[in-house]
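Here the structure comes first, spelled out in structure tokens, and everything after it is commentary.
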Amino acid sequence: MGKSSRGLQSAPTISKKDPTPAPIERIEPVDETPIIESKQGFYLDVVLFCTIFAVYARTVYASVPGGDSGELIVASCSLGVPHPPGYPIFAMMGYLFTWIPWGSMAFRVNLFSSLCGALSAVLMSRAARAFIIFSFPESARFAAITSFASAGVMAFAPLFWMYHIQAEVFALNNFFVSLILLHTVAFLTKPSVKVACLSALSVGLSFANQHTIVFIAVPVTVFVFFYARNLLWKPKILILVGACGLCGLLPYLYLIWASSRNTLGAWGDITTLDGFLTHFFRKEYGTFRLYSGNEKQGDMLPILLRLYFKNLRQQTMQALYVAAPVGLLASLRQRGKFSPAGGVIAFAYFFYIIVFHLLANLPVDKPLFFGVQIRFWMQPHIIAFFWIAIGLHALLNFVHNKFSLDRTLVYVVLLAIVAAQLTSNFAVQDQSQNRFVELYGRAHLEALPPKSTLIVKGDLITNSIRYLQVCENVRPDVYHLDQSMMTYEWFVKRQRGNFPEITFPGEVYHPYKSNGYSMQTFLNVNLEDARGLFFLCGGWYHDEQQQGGIPGYTIWPMGMCEHIRYAEDDSLFDEWVVESEKMLPTFSLPDLKKYDEETWENVVHSDALNAMHKRLIHMLNFAIAHDNQLKTLQLVADGLENILHLYDPPPEHIFRNLGIVYGRLAKQEKMIDAFTTYLSIATAPESDLKEIRKIVEDHKRFKTLGPHWQQTAEIHIF
7 MGKSSRGLQS APTISKKDPT PAPIERIEPV DETPIIESKQ GFYLDVVLFC TIFAVYARTV
67 YASVPGGDSG ELIVASCSLG VPHPPGYPIF AMMGYLFTWI PWGSMAFRVN LFSSLCGALS
127 AVLMSRAARA FIIFSFPESA RFAAITSFAS AGVMAFAPLF WMYHIQAEVF ALNNFFVSLI
187 LLHTVAFLTK PSVKVACLSA LSVGLSFANQ HTIVFIAVPV TVFVFFYARN LLWKPKILIL
247 VGACGLCGLL PYLYLIWASS RNTLGAWGDI TTLDGFLTHF FRKEYGTFRL YSGNEKQGDM
307 LPILLRLYFK NLRQQTMQAL YVAAPVGLLA SLRQRGKFSP AGGVIAFAYF FYIIVFHLLA
367 NLPVDKPLFF GVQIRFWMQP HIIAFFWIAI GLHALLNFVH NKFSLDRTLV YVVLLAIVAA
427 QLTSNFAVQD QSQNRFVELY GRAHLEALPP KSTLIVKGDL ITNSIRYLQV CENVRPDVYH
487 LDQSMMTYEW FVKRQRGNFP EITFPGEVYH PYKSNGYSMQ TFLNVNLEDA RGLFFLCGGW
547 YHDEQQQGGI PGYTIWPMGM CEHIRYAEDD SLFDEWVVES EKMLPTFSLP DLKKYDEETW
607 ENVVHSDALN AMHKRLIHML NFAIAHDNQL KTLQLVADGL ENILHLYDPP PEHIFRNLGI
667 VYGRLAKQEK MIDAFTTYLS IATAPESDLK EIRKIVEDHK RFKTLGPHWQ QTAEIHIF
């Protein structure tokens, strides 16, 4: 077929008498070499990938990160089953990366996320470059560099960087979003059965990872089948494309095999159809729910959208934010007509951010949960960066037509922007020395007596301990029972083999079910014939915690955990003081200037200091109950003073407790200093401050009355 001077083929005509749309023909820009397929484009992709992957590898977490990373690394180490929906691709690929011959097991699996993150940036860059060259063939001079720059800024944006250097499913999810984006552009600009099959396979594989991909994949898939119906709506082609999509779901077969192995910490019973469907649809969490403890928050939509766009502005270095709407508008035009590729990508973007936020039910007023929520914003952010590449190209062409820009200068400026994004975020994102979660887990495990049993609650505690036991073989003699997992019907059936010396007095930890048992019953059975000491880490499970603990039992702080003892046993206090001090955490705490309240490192810092504080409060209560033992009270005062130096700034309750201790020690000046500081920073309601405020005011009044009144005045301390 001949080529015109502008490289355009004549469009197929449709007779007015024939309402059937004509088949979509392939249209190729031919006035210049397509950069996406040229050596130049290939070299740019190689440079982009190598640069990003090298930076990620340099800054990747040295050990296990917080959150779900520990669980995913454990599944990779042991070929186990992570929480719903199971993430089979991640588990299998992570296992391959455990064969890397250096670094901790966590470091190796973290590198898999780095690979996915670097590939995601390259695929997004290719998608943007292909779109620009096809849509604007006569002015594609800046397609390569704007796509390169946008991908670079995206890769080194704080949110993307953070999740591309730790073992999380979001890096793999970003890879699939970028791959679907590239296939969408490729198919809607050059429709073919081959690209349709590849697209179906990539969509199927994406569903074998993170389910929120549905908010992008489904709108794109529906539109593609409608738009290209003359090409695709044929029995053989539909079967072929459908088969490719189903092949993408085959990794879920791994879950059936892995579940039958009953590895330590494996989630669910996937050996039955009902168990498989429960896991696949996340029924235990709530399908299309991020959090099992809250209902959807439809009335929060405006607030969540405002937070989303604020975060997008932060990720794009503020200055590039304006290029996104320009790129959106430009993407809707293709060679002077409406662009189907641009249209469906825009629809998928807005469909995602609206529907996702209608369903999202995390309490984002809590910093840690907000940190969890923003992870799901990377998917639409990728499309925003796709638009930024197009918008930068459109803006540069506009300026070039006015002032004839020097191409070298454009390259230098855009590369400088990428470098600025990299350097400004490097210090915060560099986790190459971050072993805080590992040290946190070791603080729980290593000081324990032989054959101890830990009853735990909380993802950070559970995943850090399980990682050390399964992947690094640390303290395999310790039993580790997750209270949350014990509440599921499958736990005893699938996991009891990992705890041969533990007796489960029922089929499920649930005191209100006929086949269930309470924690009191569990302790009654197991402490009578204990294999070792029992410890509680993270507190009792919901109802038990609200009821003040387990009847007949008490807990004494021991290191990061608490020793479970019979309630009437308060002997050997002096020995406990010595032994509990030996078990306190001694590792260096995370710097809160680097790790804010949205990070797990902040939780590590808080939990370590709380462990120290709980021990001191237990000593204080014991001393008060035993006639204000001066020796114990002084130990408490010294311990609280030490904690003050570990906080910046110290929390208010430390000053309150310090004032109480000094009051018991009859050190009134120090008591008043502590209470005065407490009152200056306290956030408690005035009714709770009334008694302390009276103590401070009375002390000042008595002090002005002279020595006689100071000697005779008695101040009551709680």
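Position one of the sequence shown corresponds to residue 7 (my numbering), numbered consecutively onward. Think of the CB as a built atom: it goes at the ideal place given N, C-alpha and C, for glycine as much as any other residue.
Given Leu-270 as reference, the closest of Ser-337, Glu-534, Ser-490, Gln-475 once Cα atoms are compared = Nearest option by C-alpha distance: Gln-475.
Kindly identify the DSSP beta-bridge partner or partners of Gly-522.
-> According to DSSP, which records beta bridges pairwise, Gly-522 is partnered with Val-514.
What is the rounded straight-line gap between the Cα of His-611 and the Cα of Val-87?
-> Cα to Cα, His-611 sits roughly 30 Å from Val-87.
Under 8 Å by Cβ, that's how I've got Val-224 and Phe-193 pegged, so tell me the actual separation to the nearest angstrom.
-> Between Val-224 and Phe-193 a beta carbon distance of about 16 Å is seen, past the 8 Å cut, so the two are scored as non-contacting.
CB of Phe-286 within 8 Å of CB of Tyr-258, strictly | Phe-286 is a Cβ neighbour of Tyr-258, given a cutoff of 8 Å.
What are the boundary residues of the alpha helix (DSSP H) that Pro-373 is part of?
-> Its alpha helix (DSSP H) spans residues 373-379.
Cα-Cα separation, Phe-55 to Gly-342 | Rounded to the nearest angstrom, the two C-alpha atoms are 33 Å apart.
DSSP beta-bridge partners for Gln-340?
-> In DSSP, Gln-340 forms a bridge with Lys-343.
What number of angstroms, rounded off, separates the C-alpha of Ser-11 from the C-alpha of Arg-147?
-> Its pLDDT being 36, under 50, Ser-11 is placed unreliably by the model, and nothing is read from it.
Asp-613 - containing beta strand (DSSP E), residue span = First-last for Asp-613: 606-631, but that is the alpha helix (DSSP H), not the beta strand (DSSP E).
Measure the C-alpha to C-alpha separation of Leu-533 and Asp-644 and round it to an integer number of angstroms.
-> One C-alpha to the other measures close to 35 Å.
Beta bridge counterpart(s) of Trp-263 as assigned by DSSP | Note: Trp-263 sits in no beta bridge, so no partner.
Can you name, in chain order, every residue of its own chain whose Cβ lies under 6 Å from the Cβ of Arg-319, other than the five neighbours on each side?
-> Cβ neighbours of Arg-319 beyond the five flanking positions: Tyr-327.
Over the uninterrupted alpha helix (DSSP H) stretch that includes Met-677, give me the two end residues.
-> That run of the alpha helix (DSSP H) goes 674-687.
Best match in Gln-216, Thr-227, Thr-152, Ile-219 for proximity to Leu-204 [C-alpha to C-alpha] = Checking every option, the nearest Cα to that of Leu-204 belongs to Thr-227.
Grouping DSSP H, G and I as helix and E and B as strand, with all else coil, what is Pro-40?
-> Here the model assigns Pro-40 a pLDDT of 44, short of 50, so the residue's position is not dependable, and the following value carries that caveat. Here Pro-40 sits in coil by DSSP.
Hey, could you find the ends of the alpha helix (DSSP H) Pro-71 is sitting in?
-> That residue, Pro-71, is in no alpha helix (DSSP H); it is neither H nor E in DSSP.
What's the call for Gln-385, buried or exposed, on a 16-neighbour Cβ count within 10 Å?
-> Residue environment analysis places Gln-385 among the buried positions, since at least 16 neighbouring C-beta atoms fall within 10 angstroms of its C-beta.
Is the Cβ-Cβ distance between Tyr-523 and Pro-511 less than 8 Å?
-> Result yes, Cβ atoms of Tyr-523 and Pro-511 sit closer than 8 Å.
Take every Cβ of the stretch 110-117, pair it with every Cβ of the stretch 352-359, and state whether three or more of those distances are shorter than 8 Å.
-> These segments do not touch.
Look at the Cβ atom of Phe-162, then the Cβ atom of Asn-403, and state whether they are nearer than 8 Å.
-> Their beta carbons are not under 8 Å apart, which means Phe-162 does not touch Asn-403 by this criterion.
Between the beta-carbon of Tyr-101 and the beta-carbon of Ser-82, is there less than 8 Å?
-> The beta carbons of Tyr-101 and Ser-82 sit closer together than 8 Å.
Do Ile-151 and Leu-411 have their CB atoms nearer than 8 Å?
-> Judged by their CB atoms, Ile-151 and Leu-411 are not nearer to each other than the 8 Å cut-off.
Roughly how many angstroms separate the alpha carbons of Asn-608 and Val-350, rounded to a whole number?
-> Distance between the alpha carbons of Asn-608 and Val-350: 41 Å.
Among the residues of its own chain, which have a CB less than 8 Å from the CB of Gly-254, if the five just before and after it don't count?
-> Around Gly-254, the same chain offers Ala-206, Leu-207, Ser-208, Val-209, Gly-210, Leu-211, Ser-212, Phe-213, Ala-214 as residues with beta carbons nearer than 8 Å, after the five sequence neighbours per side are excluded.
Residue nearest to Asp-305 in terms of C-alpha spacing, selected from Ile-649, Leu-368, Gly-248 | Taking the Cα of Asp-305 as reference, the smallest distance to any Cα among Ile-649, Leu-368, Gly-248 is reached at Leu-368.
Taking just the CA atoms, how far does Leu-338 sit from Ser-198?
-> Each residue's alpha carbon lies about 22 Å from the other.
Any 3 or more C-beta pairs closer than 8 Å across the stretch 57-71 and the stretch 234-252 = The stretch 57-71 is not in contact with the stretch 234-252.
N-terminal and C-terminal residue of the alpha helix (DSSP H) that Ile-471 is part of | From DSSP, the alpha helix (DSSP H) with Ile-471 extends over 465-477.
C-alpha distance - Gly-554 paired with Ser-153, whole-angstrom precision | Going from the Cα of Gly-554 to the Cα of Ser-153 covers about 58 Å.
Beta-carbon gap between Ala-347 and Thr-190 smaller than 8 Å = Contact annotation: Ala-347 and Thr-190 have beta-carbon atoms nearer than 8 Å.
Are the beta-carbon atoms belonging to Lys-588 and Ala-453 less than 8 Å from one another?
-> Cβ atoms of Lys-588 and Ala-453: closer than 8 Å.
Which of the three DSSP states, helix, strand or coil, is assigned to Asp-704?
-> DSSP places Asp-704 in helix when its eight states are reduced to three.
Extent of the continuous alpha helix (DSSP H) to which His-659 belongs = Here the alpha helix (DSSP H) through His-659 covers 658-670.
Comparing alpha-carbon positions, which option in Lys-700, Thr-459, Pro-90, Lys-196 lies nearest Val-175?
-> The shortest Cα separation from Val-175 among Lys-700, Thr-459, Pro-90, Lys-196 belongs to Pro-90.
Can you name the start and end residues of the alpha helix (DSSP H) that Glu-290 belongs to?
-> First-last for Glu-290: undefined, no H or E at that position.
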